[in-house]
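Each remark here refers to the structure printed beneath this line.
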């Protein structure tokens with residue numbers, strides 16, 4: 728098992744502190760994909776509705792793993808604002824994203 732990057736360590740700290748704003752900043756495109764993915768996962772675990780809009784935006788991330796984590800997080804949070812974007816994600820080129828979007832929509836309905 729490798730060492731965590733500085734960005735990954737930040738995500739761990741933000742998650743422990745339940746720092747939604749810090750995790751949202753970690754979703755920013757200038758961060759590495761693994762940091763963005765971990766931030767999306769953490770936001771889903773925290774379940775704060777303030778994360779819904781940034782997670783919806785993350786459904787457009789260039790990395791499929793980040794989009795997949797965002798879809799899963801949106802399903803966990805369960806906010807109806809995510810229905811339209813998750814429905815659109817059913818056409819994502821990544822099978823994993825489509826599967827997570829389907830699961831998320833099932834939770835939301």
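Residue numbers (the working numbering): 728 to 836. Every residue, glycine too, gets a C-beta built ideally from N, C-alpha and C.
Would DSSP call residue 728 helix, strand or coil?
Numbered from 1 along the chain shown, position 1 holds the residue referred to as residue 728. Note that residue 728 scores a pLDDT of 47, beneath 50, so its modelled location is shaky and nothing firm can be said.
Reducing DSSP to helix, strand and coil, say where residue 820 ends up.
As a working mapping, residue 820 is identified with position 93 in the chain shown. It is coil, neither helix nor strand.
Relative to the C-alpha of residue 744, which residue among 819, 766, 828 and 802 is closest?
Position 17 of the chain shown, counted from the start, is the residue given in the question as residue 744. Measuring from the Cα of residue 744, the nearest candidate turns out to be 766.
Residue 777 versus residue 764 - alpha carbon distance:
Residue numbering aside, residue 777 sits at position 50 when the chain shown is read from its first letter. Residue numbering aside, residue 764 sits at position 37 when the chain shown is read from its first letter. Between the C-alpha atoms of residue 777 and residue 764 there is a straight-line separation of about 17 Å.
Compute the Euclidean distance between the alpha carbons of residue 826 and residue 739, then round it to the nearest angstrom.
In the chain shown, the residue the question calls residue 826 occupies position 99. In the chain shown, the residue the question calls residue 739 occupies position 12. Cα atoms of residue 826 and residue 739: separation of roughly 26 Å, rounded to the nearest angstrom.
Which residue wins for smallest C-alpha separation from residue 821, given the options 808, 795 and 803?
By 1-based counting over the chain shown, the position of residue 821 is 94. It is 795.
Grouping DSSP H, G and I as helix and E and B as strand, with all else coil, what is residue 808?
Here residue 808 refers to the residue found at position 81 when the chain shown is read from its first residue. Residue 808: helix per DSSP, three-state reduction.
Excluding five sequence neighbours on each side, which residues of the same chain lie with their C-beta closer than 8 Å to the C-beta of residue 834?
Taking the chain shown and counting its residues from 1, the one referred to as residue 834 is at position 107. Closer than 8 Å at Cβ, skipping near neighbours: 802, 803 and 805.
From 774, 809, 775 and 773, pick the residue whose C-alpha is nearest to that of residue 785; which is it?
Counted from its first residue, the chain shown places residue 785 at position 58. Residue 809 is the option with its Cα nearest to residue 785.
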